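Under our numbering, residues 1 to 428 are what the sequence shown spells out, in order.
Each remark here refers to the structure printed beneath this line.
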Amino acid sequence: MEKPAFNPFVMAQSQFDQAADILELDDATRSLLREPLREYHFSIPVRMDDGTRRVFRGFRVQHNDARGPGKGGIRFHPQETIDTVRALAMWMSWKCATVDIPLGGSKGGVICDPHNLSDHEQEQICRGYVRQLARDVGPLVDVPAPDVMTSAQHMLWMLDEFEVIRGERLPGFITGKPVGMGGSLGRTEATGFGVVFTIREALKALGKRPEDTLASVQGFGNVAQHAIQLYNQIGGTVICVSCWDQKESISYCYVKNDGIDLTQLRSITDRFGGIDKDKARDLGYDVQPGDAWLSQEADILIPAALEHQLTGENVDNIHERVVLVAEGANGPTTLEADRVLATRNIYMVPDLLANAGGVTCSYFEQVQSNGNYFWEKDDVLSRLDLKMTAAFQAVANMAKKRNLYMRDAAYCIAINRIAQASRDRGWV
Ligand code: NAD
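If you want it as structure tokens, here you go:
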């Protein structure tokens with residue numbers, strides 16, 4: 001019998017159920033938080049460059065805004081599904097609450113492939129998306145951001161359309177804007193650096209010095225590259241990175257036991273985070289296909305590519321030296337793999353904590369945009385460090401106090417905060 005396709009919303013709800021059981025949440029709060037508060041499904045008609053008309057499907061899901069306006073990216077993807085958007089909106093709620101920023105959780109998507117669309121066609125999609133939603137988003141309602149296959153340029157088109165409709169300048173409507181057009185310094189580094197702030201704290205808890213540790217990383221895009229940069233700066237050594245080979249449609253791992261050279265690897269990487277295999281071989285990298293990043297003799301694994309990567313099928317390949325997993329990607333570990341990691345006593349820094357640096361910096365961007373005053377990069381990054389470290393300590397303390405797996409502890413903190421805000425508002 002064929003296996004059912006992976007459904008991220010089913011996984012997100014199961015993770016929620018597990019935490020709701022630990023918290024002994026009442027039925028009304030469960031049914032409020034288990035589903036999105038609101039969903040918008042709409043059509044975006046576009047006149048294509050060749051004069052024909054096409055209609056694209058768009059979504060915006062607002063999972064919960066009890067603690068503040070919704071926050072979450074807009075993805076362009078040919079296989080976008082409403083269940084993926086629902087799961088991501090729910091994870092945004094938990095993430096914002098885990099790092100204790102006054103925002104809720106949202107996510108959006110359009111079923112389209114930007115690779116096959118001209119800039120003009122993409123601009124029409126962005127403007128059409130905002131026209132459909134303008135009444136239901138805004139700086140104090142729901143604040144979008146870039147995500148998979150959307151960029152600062154897409155955000156500017158959306159912002160411009162929103163401001164035309166509203167008839168005023170409202171830069172706090174959207175984040176991920178270019179620096180100089182209301183964007184925040186430090187946003188590019190924020191997610192990867194945030195991952196390493198949490199790794200630094202986890203190593204303290206494990207009684208290990210970063211200088212004595214080796215890491216293996218899945219992915220070599222924005223998150224992975226900045227995580228490697230800061231991990232190297234605090235003394236760690238990365239012995240393997242893996243990335244997707246567009247031409248062959250498989251992943252390869254690039255291994256160097258005395259440590260990869262970030263600058264050198266960046267120089268042979270395309271803008272999608274794909275490494276040139278032949279050039280890497282010439283530079284002395286051992287190139288291995290598939291999941292070899294899991295079985296390297298490393299202390300730390302950093303999945304920073306995409307969801308559903310550590311599964312029941314491959315979790316046993318993890319090398320016995322591994323003591324820590326820090327999830328740069330969203331949803332990289334399945335529930336089955338989680339159970340094995342917990343049994344092996346591997347320290348988990350879950351996605352909603354580890355990669356929350358991105359949304360935290362987006363929140364800083366919103367604060368700067370709304371106040372029309374922009375901070376220096378060092379200021380942004382040190383505020384980020386403070387927020388991430390405080391969030392890590394809160395989760396680690398909860399895990400210790402209640403003898404919980406770190407993911408469950410993070411979920412409990414986040415769900416508690418949102419449940420409390422919902423109760424305070426009289427919703428449940
Ligand atoms: P990116 O597109 O810049 O990089 C993705 C990398 O993953 C590329 O190197 C690609 O080759 C690699 N990859 C893709 N499929 C792979 C596979 N099967 N095996 C190995 N490598 C593979 O993306 P990013 O912005 O670095 O985001 C990575 C992850 O982090 C995503 O899950 C994203 O949702 C999550 N995330 C990103 C941010 C952010 O600020 N960029 C914030 C929070 C979470």
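No residue lacks a Cβ here, since even glycine has one placed at the ideal position from N, Cα and C.
Since this is a predicted model, take the numbers as computed values, not measurements.
Residue i classed as buried or exposed, judged by whether at least 16 other C-beta atoms fall within 10 angstroms
| i | result |
| --- | --- |
| H120 | exposed |
| V164 | exposed |
| A337 | buried |
| L353 | buried |
| E161 | buried |
| I250 | exposed |
| K387 | buried |
| M48 | exposed |
| A215 | buried |
| R187 | buried |
| M181 | exposed |
| E80 | buried |
| K95 | buried |
| K377 | exposed |
| E313 | exposed |
| K256 | buried |
| N403 | exposed |
For residue i, three-class secondary structure by DSSP
| i | result |
| --- | --- |
| T343 | helix |
| T81 | coil |
| F16 | helix |
| V137 | coil |
| Q218 | strand |
| K279 | helix |
| R131 | helix |
| I165 | helix |
| V238 | strand |
| M149 | coil |
| D245 | strand |
| F511 | Residue 511 is absent from the structure shown; the chain starts at 1 and stops at 428. |
| V99 | coil |
Identity of the residues DSSP links to residue i by a beta bridge
| i | result |
| --- | --- |
| F59 | H41, G109 |
| R47 | R53 |
| K71 | V143 |
| N64 | G105 |
| Q288 | C253 |
| L301 | S216, V325 |
| V195 | In DSSP, V195 forms no bridge with anything. |
| V380 | Paired residues: none, contrary to the question. |
| Q333 | What sits at residue 333 in the sequence shown is Thr, not Gln. According to DSSP, T333 bridges with L310. |
Cβ distance (whole Å) where residue i is taken to contact residue j below 8 Å
| i | j | result |
| --- | --- | --- |
| G70 | D142 | 4 Å |
| G105 | H63 | 4 Å |
| R86 | P36 | 6 Å |
| G176 | G357 | With a Cβ gap of about 14 Å, G176 and G357 do not count as contacting. |
| R57 | P45 | With a Cβ gap of about 11 Å, R57 and P45 do not count as contacting. |
| Q296 | P303 | Not a contact, Cβ separation roughly 13 Å. |
| I300 | A326 | 7 Å |
| C243 | G274 | 6 Å |
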